[in-house]
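Numbering (this note's numbering), first residue to last: 188 to 1268. Cβ atoms here follow ideal geometry from the backbone N, Cα and C, with glycine treated the same way. Treat the numbers as computed from the prediction; the structure is a model and nothing was measured.
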Amino acid sequence: MEVKTSLLDNMIGVGDMVLLEPLSEDSFIENLRKRFDHNEIYTYIGSVVISMNPYRSLPIFTPEKVEEYRNRNFYELSPHIYALADEAYRSLRDQDKDQCILITGESGAGKTEASKLVMSYVAAVCGKGQEVNKVKEQLLQSNPVLEAFGNAKTVRNDNSSRFGKYMDIEFDFKGDPLGGVISNYLLEKSRVVKQPRGERNFHIFYQLLSGASDDTLKKLKLDRDYSKYNYLSLDSAVVNGLDDAANFRTVKNAMQIVGFMEDEVQSVLELVAAVLKLGDIEFKPESRCNGSDESRIKDKNDLKEMCELLGIEQSVLERAFSYRTVEARLEKVSTTLNVAQAYYARDALAKNLYSRLFSWLVTRINESIKAQTKARHKVMGVLDIYGFEIFEDRDNSFEQFIINYCNEKLQQIFIELTLREEQEEYVREGIEWTNIEYFNNAIICDLIENHQNGILAMLDEECLRPGTVTDETFLDKLNTICAEHQHFESRLSKNSKFLTDHSLPHNCFRIQHYAGKVLYRVEGFVDKNNDLLYRDLSQAMYKANHSLIKQLFPEGNPGKVNLKRPPTAGFQFRASVGTLMKNLQTKNPNYIRCIKPNDKKASHIFTDSLVCHQVRYLGLMENVRVRRAGYAFRQAYEPCLERYKMLCKRTWPHWRGPAREGVEVLMADLPVPAEEFSFGRSKIFIRNPRTLFFLEERRRQCLQDLATLIQKIYRGWKCRSHFLLLKKSQIVVAAWYRRYAQEKKYQKIKSATTVVQSYTRGWQARKLLRELKYQKRCEEAVTTISAFWHGTQVRREYRKFFRANAGKKIYDFTIQRIMQKYFLGLKSTMPSMSPIDKSWPARPYRFLDGVHRELPRIFHLWRCKKYRSQFTEEKKAVYEEKLEASEIFKDKKALYPSSVSQPFKGDYLEISTNPKYQKLNSAVDEKVLLADVVNKINRANGKGTARIFLLTKKSVVLADQKTGQVKASVPLPDLASVSVSTQSDGFFALRLKEGSASAVKGDFLLSSEHLIEIITKLHRTGATAADSKQLNVDISDEFLVQFKHDKVCVKFIQGAPKNGNSVSCKRKNNRLLEVSVPTTA
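Okay, here's the thing in structure tokens:
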């Protein structure tokens, strides 16, 4: 059986603030601190999750944790964001209820990370499959893209979302994701042109400059140096812990996964680069003849590069920065812009360009991740939106005003939905509902959004009215209309005590929000609400050849000119918030309230004042009071009975009836007043936390008693088991000991018997030995006596003969023994059978000199005969050629020693098998004895031409190496002699007989790497063909060669190595060819 734990088990502090006792702001903060110090960053307020940002990684988001919280009751385990995500997902899947998860908190509190954790949990627990996984991956990968373009580093958060995001994730009936729709709210586009000190522009600018390749930056006309761009702040350009280059690669990969095409990604990067270039455009004043000032661009290079990126004519955009055209019905008026107006127009274009690009990205992502089927979908919405903002160190402006308005609306719907949920549960369980008093912030929302007298309506009215409109006139209107409102204060309103309140300047007003008072400076309210972009700039953008620009500025189309004023920023945001509220009211809400523990973004630091401030403006104390106004704790009957059944003897250890009856019996048996609890249809409701703590204390005492009883029974069982084990062990030990003792006794007896036997056998053996020794001595004595007697008789008989020939016999015997020993010694010291082994054992005596000289000669002749008997006919022919080469060249030609170890191969070209030489082989009738490539020396310049040299039994053939065509064929009888040098070159001359048919063109001067083999084979074959004496080989360093009608002297000299130690031949004059042979070391 699975053992389930509870929220109340091993609780640090109080896991659910509803159970906090006593309830005060100090105890609330102290409980958060205690849990934060023990790494418990999640706490409940009923079904609301409070999330503290730990500013470090904790091991509570692992896949094991996902499985631990999967399909578990909300209060079954310790507080965790996974519990809320699982509850929302199961309600959507099993009960067909659309869900929404509202994540709020100020910047740096961890809202973005919380939304990622919710989405990753839902992705982990829903179904699997190729299509499902693709949808999940696209939904998750949309986050890096939107973070790059919509997040920035602020003083409070290194990855602060500067826009509000609401994502509807759509599921099918099985609970598998089908797609999603993203809505974005109020991108902080003013950050594009100006950032407060210590903050950065949007991430994508720094990621592009850090992570893009050099080729990409060159195409975008950008440089990696941040300082070259006016729109990028330098004091916080590099952020510790943020790798902009790696994040850029992540963003590009995410865009590819979401479904962006390559050209779309390039277009987006071009627009980002254009925004950077736009910030570098600067203006200078120029006076006109009528006395008015107009602006001119200082350096047009940045303008030119920007126009090239966007495909806009430079003159068109330049004019749009210098002039403004106002159209009224049929009349057009063109006015010049001064420098301040030109800078305003430039910044307005940059903000609009980036804002519209961001909206286009959201639309493009929605196209990729939207559900493909049109069937009814279940929806889970995740709202990640800016928290309440109150800046103490700098002025709160228009952005903070509408952000706080959005949070007022969220607080309103939070109270309404929380009370509605409480009322629905009470009605569902049959519990009587009592009205709960609480602060209704609808009066504050009405102050801001009322269509007639609301602040936003008056701001729109002031922006649209003719005449001079300033922030001061807007404040005057507020003082006139809102002076009586109890939540509005200014220097002139009746609610302010301006005589004593010096914190309220003249150009400011103060609103009493649900989270506290906020002071707003009216400077910039009118301009930011107007959010005007001059029509000239819109039309210039529309004329661009860039496909994406035309989509972003449709109002610039001259054919669709709309003279109607565009809606203001406040009007658009109010409409978006209204749509969002209607959407949220159709769904079951789930809340995550994010709190940051300190302003230093450091772990283990808990600042009480900062946390208290956030607790107040998040309305958490109000939330606890609303939750505790009725019943503080409720629990289903089954887990309640399972947890507290040990408190009653009738329910312990097992209750056999229905769970509700068991709980009723249990509560009746306990001293708890009846008004402290009520029984619903499926749950028991406990009014006061003290009652719950009383039950927990009684349960703890019972568990201690049960633990004592279990320990007692266990110890008794353990002791009895130990005694029985000892008893059994004693019997076994005794049996083994008795066996051991008998074995030892037997071994002693056996050893003693063996010793007695050994002594007896020894005595018998020694007695027998003495008898045998005595008998042997007797036999030896008889033999000795007999030998001496026979010796005496023999010496007497032969004494006379020994004295006459003793010397000669001894000498002959000695010589015979020495010769015998010498020959037997040769048998083991005989040299090897190799004919070249000249070793021989040394002679031991001088009288053996003759034998010692003759024996090596005889052995060598016999050894050579044995060696020759092993030769085949082919090997005999090879050795005969080697022998003949030795006779011709030994000690005459320097090249000869290196050729001794090289075998004579003959056919180096494999002419009979190589298809390349098939034609040449068929042209030669006789068997080819030698085939090689030689160089034929040209007498004109001394350079060589490759020729194929063939030697047959009857002739010498020279053929072209490439074509195989026969160039010359010389019969062997026409050869007179062969001339070679004494050096290590491969040159040789074939000298022909005068008057022969082959001598018409003269002698042949050739060069070959196989000179020794060619001359040897010519020498042998020439003599056979001519049937006369052998061919003459002339070895000399200077000889004459006949070239047609001239004789040329070929002279060989030794020179320094050149051209890689090769032999070189040069023509000196008409009668001399000089061959330079490198000297060898």
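Item	Value
Pull up the distance between the alpha-carbon of residue 447 and that of residue 731, whole angstroms please.	22 Å
Which residues in the same chain have their Cβ closer than 6 Å to the Cβ of residue 136, if we skip the five residues on either side of it in sequence?	This structure cannot settle anything about residue 136, because the visible part of the chain is limited to 188 through 1268.
Rounded to the nearest angstrom, what separates residue 376 and residue 541 at their Cα positions?	7 Å
Could you name the residues that DSSP lists as bridge partners for residue 483?	471
At which residues does the alpha helix (DSSP H) containing residue 700 begin and terminate?	From DSSP, residue 700 is part of no alpha helix (DSSP H) but of the beta strand (DSSP E) over 695-700.
For residue 858, does the count of other Cβ atoms within 10 angstroms reach 16, so buried, or fall short, so exposed?	exposed
What residues match up with residue 1225 in a beta bridge as DSSP calls it?	1238
Tell me, to the nearest whole angstrom, how far the beta carbon of residue 722 is from that of residue 643; I am working on the premise that it is less than 8 Å.	Between residue 643 and residue 722 the Cβ distance is about 25 Å, and since that is not below 8 Å, they are no contact.
Under 7 Å Cβ to Cβ from residue 303, same chain only, skipping five residues before and after it: list those, please.	330
So which of 414, 767, 427, 1232 has the shortest CA-CA distance to residue 788?	427
Quick one, which of 1167, 599, 1012 has its alpha-carbon nearest residue 1239's?	1167
State the start and end residues of the unbroken beta strand (DSSP E) segment that holds residue 351.	351-358
Label residue 562 either buried or exposed according to how many other C-beta atoms from any shown protein chain fall within 10 Å of its C-beta, with 16 as the threshold for buried.	exposed
Determine the direct distance from the alpha carbon of residue 485 to that of residue 332, and round the result to whole angstroms.	36 Å
With a cut-off of 8 Å on the beta carbons, I'd call residue 775 and residue 453 a contact; round off their distance for me.	Incorrect: roughly 43 Å between the Cβ atoms, too far for contact.
Alpha carbon to alpha carbon, what distance is there between residue 1158 and residue 1264?	31 Å
Determine the contact status of residue 394 and residue 431, defining contact as a CB-CB distance below 8 Å.	yes
So, is residue 938 buried or exposed, given that buried needs 16 or more other C-beta atoms within 10 angstroms?	exposed
Quick one, are the C-beta atoms of residue 1192 and residue 1237 less than 8 Å apart?	yes
Please look up how many angstroms separate the CB atoms of residue 1174 and residue 1262, rounded, as I've assumed it's under 8 Å.	6 Å
What does DSSP give as the partner residue(s) for residue 894 in the beta ladder?	In the DSSP output, where bridge partners are listed per residue, residue 894 has none listed.
Out of 385, 413, 914, point me to the one whose CA is closest to residue 397's CA.	413
Only counting the same chain, and skipping five residues up and downstream in sequence, which positions put a Cβ closer than 6 Å to that of residue 849?	828, 838, 842
Could you please give the first and the last residue of the uninterrupted alpha helix (DSSP H) stretch that includes residue 378?	Unbroken run through residue 378: none, as it is neither H nor E.
Looking at the unbroken beta strand (DSSP E) that takes in residue 1132, where does it start and where does it end?	1131-1139
Rounded to the nearest angstrom, what separates residue 1233 and residue 1095 at their Cα positions?	34 Å
Could you please give me the residues that DSSP links to residue 776 through a beta bridge?	287
Grouping DSSP H, G and I as helix and E and B as strand, with all else coil, what is residue 203?	strand
Answer yes or no: do residue 463 and residue 409 have a C-beta to C-beta separation smaller than 8 Å?	yes
If you run the structure through DSSP and keep just helix, strand and coil, what is residue 869?	coil
Note down the Cα distance separating residue 863 from residue 877, rounded to an integer number of angstroms.	10 Å
Can you list, in chain order, the residues of its chain whose CB lies under 6 Å from that of residue 370, leaving out five sequence neighbours each side?	353
Among 232, 219, 209, 210, which has the Cα closest to the Cα of residue 821?	232
Return yes when the Cβ of residue 1235 is within less than 8 Å of the Cβ of residue 1260, no when it is not.	yes
Please give the ranges of any beta strand (DSSP E) in the segment 757-829, keeping only runs that are unbroken, at least 3 residues long and fully inside the region.	775-782, 820-823
Is the separation between the beta-carbon of residue 290 and that of residue 798 shorter than 8 Å?	no
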